[in-house]
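See structure below.
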Amino acid sequence: MAENNKCTFKPGMRVEVLDPRHISRTRVAVVEQVIGGRLRLLYEDLSDAPPNTVVNFWCHMRSPMGWSAKDYAGHAFSPNMKLEAVDLMEPRLVCVATVRRHVGRLLLIHFDGWEDEFDQWVDHQSPDIYPVGWCELTGYSLQAPPSPGGP
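In the working numbering, the protein residues as written are 33 to 183.
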């Protein structure tokens with residue numbers, strides 16, 4: 033068991049992480065420090081960031097995007113699979129969505145009828161994704177895709 037939790041990250045390594053300002057995009061970060069199973073990461077390039085942007089942060093060793101892609105055994109999600117998903121930018125909305133791609137544990141969710149810039153990465157075990165029909169079963173309002181020529 034202890035061998036499974038061994039941290040293979042080293043200071044100076046580059047990892048791919050989600051961009052906190054654009055959750056459909058990723059950024060490169062550098063491992064600055066490793067303490068136990070925690071990593072202190074520093075964003076490599078913030079030239080496009082607004083003033084007062086946080087430049088470094090701590091995360092669990094299994095959090096960086098590239099980590100689980102190699103070691104994760106799998107899940108049942110595949111590209112083009114339909115879902116009902118919470119819009120993380122507007123959490124009261126559950127929308128018609130499609131899995132665009134997956135990387136290890138992470139799914140890139142596309143909200144049907146919306147531009148790609150609104151896509152969001154979520155973990156495959158996220159409580160914010162549901163099978164088709166969940167809203168109907170629970171009585172929750174499903175946000176239909178916008179009409180062509182709409183938002």
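A virtual CB, placed ideally from N, CA and C, is assigned to each residue, including glycine.
Remember, predicted model here, so these are calculated numbers, not experimental data.
According to DSSP, is Asp155 helix, strand or coil?
Along the sequence shown, read from residue 1 onward, the residue named residue 155 stands at position 123. Asp155 falls in the strand class under three-state DSSP.
With DSSP collapsed to three states, give me the class of Thr170.
For this step, residue 170 is matched to residue 138 along the sequence shown. If DSSP states are grouped into helix, strand and coil, Thr170 belongs with the helices.
Leu78 to Ala61, Cα distance in whole Å?
One-based indexing of the sequence shown puts residue 78 at position 46. One-based indexing of the sequence shown puts residue 61 at position 29. Leu78 and Ala61: Cα-Cα distance of roughly 10 Å.
Cα-Cα separation, Leu138 to Val49:
Within the sequence shown, residue 138 is the residue found at index 106, counting from 1. Within the sequence shown, residue 49 is the residue found at index 17, counting from 1. Computed Cα separation, rounded: 11 Å.
Stretch-stretch touch, CB-based, cutoff 8 Å, three pairs: the region 111-128 with the region 159-169:
yes
Using a threshold of 8 Å, state whether the C-beta atoms of Val128 and Leu73 are closer than that.
Residue 128 sits at position 96 when you count from the first residue of the sequence shown. Residue 73 sits at position 41 when you count from the first residue of the sequence shown. Taking 8 Å as the Cβ cut-off, Val128 and Leu73 do not qualify as a contacting pair.
Residues bridged to Cys91 [DSSP beta-bridge criterion]:
Along the sequence shown, read from residue 1 onward, the residue named residue 91 stands at position 59. Paired residue(s): Leu71.
Suppose contacts are defined by Cβ-Cβ distances below 8 Å. Is Val47 in contact with Val63 by that definition?
Counted from its first residue, the sequence shown places residue 47 at position 15. Counted from its first residue, the sequence shown places residue 63 at position 31. Going by C-beta atoms, Val47 is nearer than 8 Å to Val63.
What does the alpha-carbon distance come out to for the pair Gln152 and Phe143?
Within the sequence shown, residue 152 is the residue found at index 120, counting from 1. Within the sequence shown, residue 143 is the residue found at index 111, counting from 1. Spanning the two alpha carbons is a distance of roughly 9 Å.
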